[in-house]
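Structure, as structure tokens:
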Amino acid sequence: MKPEDYAAAASRICTACGMCCDGTMFQIVKLQTGDRPAELGKLGLKVRSRDGEFFMEQPCSALRDTCCTVYEQRPARCRLFHCQQLRLLDGDQTTEREVMTLIASARELVEQVHSLILQNGLREDGQALLDRYERVMSTPVDAELEPELAAARQSLEAAMRKLRRLLNREFRPPPLSN
Ligand code: SF4
Ligand code: SF4
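Residue 133 in this note's numbering sits at position 133 of the sequence shown; the count goes up by one each step and never skips.
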């Protein structure tokens, strides 16, 4: 694939996806040397620090629908990030159509997980998906006293397991060193 064709296809694909920015895949993005935390904070990104390291919370506040509104000023990690699907596309090991199909499957599972989290009593609160999931799962349920809630909990666990498997197998790149 020619570089310009790859760039156009990647843009269409990411616009249909957004999972690496909307709190589905990550809870935080670590800022790197060269990133400017104060400037990024002024752009509205949720920049925080812990133990001398800066990071920004996800879902990213710069995301509108599935587009980055600070694209030219986005942090280093965002510039360097290419999920497995984009890498495969770049190497002509998959097609735009195949990637779109995987994204549709993943997004369907994400919707299921969101809806099951609501059924489990946790309203939308703007936190990353995994944070919300863990909050639900950390509350004990007595299956004898609350059988419906116990069933909803089990459904949530199963849907999240499927989603994690799909994201790990098809989207997450190998871990970075820091
Ligand atoms: S997960 Fe991949 S396809 Fe989806 S928005 Fe991120 S880089 Fe694009
Ligand atoms: S700054 Fe842009 S690319 Fe980076 S996480 Fe936010 S929306 Fe995504």
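Even for Gly, the Cβ is constructed at its ideal location relative to N, Cα and C.
All values derive from a computational prediction rather than experimental measurement.
For this session: Any chance you could list the alpha helix (DSSP H) runs of at least 4 consecutive residues sitting entirely within the region 92-163, in chain order?
Result: 96-119, 129-137
Exercise. What is the DSSP secondary structure of Cys21, counted as helix, strand or coil?
Worked result: coil
Exercise. What are the start and end residues of each continuous beta strand (DSSP E) run of 3 or more residues lying completely inside the region 33-83, in chain order?
Worked result: 47-50, 53-57
Exercise. So which of Leu167, Val99, Ala158, Leu88 has the shortest CA-CA distance to Arg12?
Worked result: Val99
Exercise. By Cβ distance, which residues of its chain are closer than 7 Å to Cys20, with the 5 residues on each side in sequence left out?
Worked result: Phe26, Phe81, Cys83
Exercise. Among residues of its own chain, excluding the 5 on either side of Ser105, which ones have a beta-carbon nearer than 7 Å to its beta-carbon?
Worked result: Leu166
Exercise. Is it the case that the Cβ atoms of Leu31 and Pro37 are separated by a distance below 8 Å?
Worked result: yes
Problem set entry | Thr139 to Leu40 span [Cα, whole Å] | 35 Å
Exercise. So, are the CB atoms of Glu57 and Ile28 less than 8 Å apart?
Worked result: yes
Problem set entry | Lys30 - partner residues in DSSP beta bridges | Phe55
For this session: Classify Pro3 as helix, strand or coil using the three-state DSSP reduction.
Result: helix
Problem set entry | Alpha-carbon to alpha-carbon, His114 and Leu145 | 25 Å
Exercise. Whose C-beta lies closer than 7 Å to the C-beta of Leu63 among residues of the same chain, with five residues either side of it excluded?
Worked result: Gly18, Cys21, Asp22
Problem set entry | Distance cut-off 7 Å: Leu78 Cβ against heavy atoms of ligand 1 | Residue identity differs from the one stated: residue 78 is Cys in this sequence, not Leu. Flag unset: Cβ of Cys78 not near ligand 1.
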